[in-house]
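J.: Note that the sequence shown ends on residue 347 in numbering that gives the first Met the number 0; no numbers are left out. Backbone N, C-alpha and C define an ideal beta-carbon position, used for all residues, glycine too. No experiment lies behind these values; they were computed from the predicted model shown. I am attaching a structure below and will ask some questions about it afterwards.
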Amino acid sequence: MKEKWTSALLSVESTLGDAVQALNTNDHRIVLLIDREERLKGTITDGDIRRALLRGQSMSSPSKNAMEASPITIHNDTTPQLAVQIMRRKGLMHLPVIDQAKRLVGLRTAQDLLMKEQRLNPVLLMAGGLGKRLRPLTENTPKPLLKVGQNPILQTTLEKLIDDGFFHFFISVNYLGEQVREFFGDGSQWGVQIEYLQESEPLGTAGAISLLDQTRITEPLLVMNGDLLTKVNFGELLDFHNVHNALATLCVREHEFKIPFGVVSGFESEMSRIEEKPAKKVFVNAGIYVLEPKLLDGQFFSGRCDMPTVLNRIVVGGDKVTMFPIHEYWIDVGNIQDFERAQFDVSD
């Protein structure tokens, strides 16, 4: 079977009328002009056709009179990521692919490259917290349903994950959980599957994981606190986890804080240095994790537990936990001040 991109091929000896017909009958909205050795000689888009006609060319004119004779191309070993970068930098929708002999061997399109890879990994969104630090806002509304901008926090998170290719979700609920169930339903409104884990009592930042049916989790599990807003690329996170062969991956974010005093260093009674109000940088837990399925056998997650305790146990046991630094936008909407900041960020 001929590959789909070959419908855009046309001989460089063709006419402008032939190019118009080819444009109208292939799905790519581009014509690739080649010689007898299948070497790329140029490209034609509908814009090229219009400009040629304005210059006085006719449908019987040679197609090469309208072509872009020096199109930007890539080689067949160019990664999809680099191809996307080139397209964005140059404002292109198409990139012809050539081999070392400059023969045309393919066509990359923005539509194909930007289609999201579907992820089989299940996602657990933790939405069972009491939201005490956000009172009085959470007296009648669960924290995940507080609106930042036009949408509830958890809806924004869900839609970001869907955009990144995820479609199977679990949401853990406790406080005012019926509101969460009613709002999201079974996920069909978003074209995804949503199931719920009911916490009979608050189970901490990791306890809800014990409510999962381990036999159904066959791919690394993405776990995320339900009060986060972030633009992190979750697909890249999963790829990072897979490459590093870790039992768990923890997202971290650099946090800088200033000590409001002079910090004194020394040995016994002798000072060696004083640093006035230094700024320190540390990595903090970003509340996003990837867990291998074998972690869910009950050894680490049982009843009420917190994720830092579990991760420390994994490391003490000799297994690897990797850190995935996130530089993208991220905010933990945990208190009134952060809630107000998130509102400002959305409106900015």
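(1) Which runs of the alpha helix (DSSP H), 4 residues or longer, sit entirely within the segment 94-158?
(2) Which residues mark the beginning and the end of the alpha helix (DSSP H) in which T24 is found?
(3) May I ask you to list the residues that DSSP assigns as paired with Q197?
(4) As a quick exercise: from M66, H74, I330 and P61, pick the residue whose alpha carbon is nearest that of L153.
(5) In whole angstroms, what separates the C-alpha of T42 from that of G234?
(6) Whose CA, out of H167, S199 and G128, lies closest to the CA of N120?
(7) Go through its chain and collect everything with a Cβ distance to G297's Cβ below 8 angstroms, but skip five positions before and after it.
(8) Looking at L211 and L295, is the spacing between their C-beta atoms short of 8 angstroms?
(9) Do you know how far the Cα of E327 is from the Cα of R132?
(10) Which same chain residues end up closer than 8 angstroms to F282 when comparing Cβ atoms and leaving out the 5 residues on each side of it in sequence?
(11) Measure the C-alpha to C-alpha separation of L32 and Q99 and round it to an integer number of angstroms.
(12) Please report the straight-line C-alpha distance between G55 and N23, rounded to a whole angstrom.
(13) For the beta strand (DSSP E) containing H326, list its first residue and its last residue.
(14) Please classify E198 as buried or exposed, where buried requires at least 16 neighbouring CB atoms within 10 angstroms.
(15) Start and end of the alpha helix (DSSP H) containing T308?
(16) Just to confirm my understanding: we take P95, look at its own chain, exclude 5 residues before and 5 after, and list those with CB closer than 7 angstroms. What are they?
(17) By DSSP, does K230 sit in helix, in strand, or in coil?
(18) Between the Cα of E36 and the Cα atoms of R312, A68, D163 and I97, which residue gives the shortest distance?
(19) Within the segment 208-265, note down every full beta strand (DSSP E) run reaching 3 residues or more, in order along the chain.
(20) Judging by CA-CA distance, which residue of V19, L236, R272 and G265 is the nearest neighbour of P219?
(21) From what residue to what residue does the alpha helix (DSSP H) around R88 run?
(22) How far does the beta strand (DSSP E) with S10 in it extend, from its first residue to its last?
T.: In brief:
(1) Uninterrupted alpha helix (DSSP H) stretches at least 4 residues long and entirely within the segment 94-158 occur at 109-112, given in chain order.
(2) Counting along the chain, the unbroken alpha helix (DSSP H) around T24 starts and ends at L15 to T24.
(3) DSSP output for Q197 lists V172 as bridge partner(s).
(4) The shortest Cα separation from L153 among M66, H74, I330 and P61 belongs to I330.
(5) When rounded, the distance between both Cα atoms is 33 angstroms.
(6) Nearest in C-alpha terms to N120, of all of H167, S199 and G128, is H167.
(7) S209 and Q213, listed in sequence order.
(8) Taking 8 angstroms as the Cβ cut-off, L295 and L211 qualify as a contacting pair.
(9) Near 25 angstroms, if we compare the C-alpha coordinates of E327 and R132.
(10) These residues qualify, in order along the chain: V251, R252, E253, H254, M322 and P324.
(11) The alpha-carbon of L32 is positioned some 18 angstroms away from that of Q99.
(12) Each residue's CA atom was taken as its position, placing G55 and N23 some 21 angstroms apart.
(13) Note, H326: premise wrong, no beta strand (DSSP E); not H, not E.
(14) With a threshold of 16 other beta carbon atoms within 10 Å, E198 meets it and is buried.
(15) For T308, the enclosing alpha helix (DSSP H) starts and ends at M306 to V315.
(16) The answer, listed in chain order, is L31, L39, T42, P70, T72, L103 and L106.
(17) DSSP, read as helix, strand or coil, puts K230 in coil.
(18) Shortest Cα-Cα distance from E36 to any of R312, A68, D163 and I97 involves I97.
(19) Correct list: 220-224, 227-229 and 247-257.
(20) For P219, the closest C-alpha among the options V19, L236, R272 and G265 is that of L236.
(21) Residues P79 to K89.
(22) Under the DSSP assignment, S10 falls in the beta strand (DSSP E) whose first and last residues are L8 to S10.
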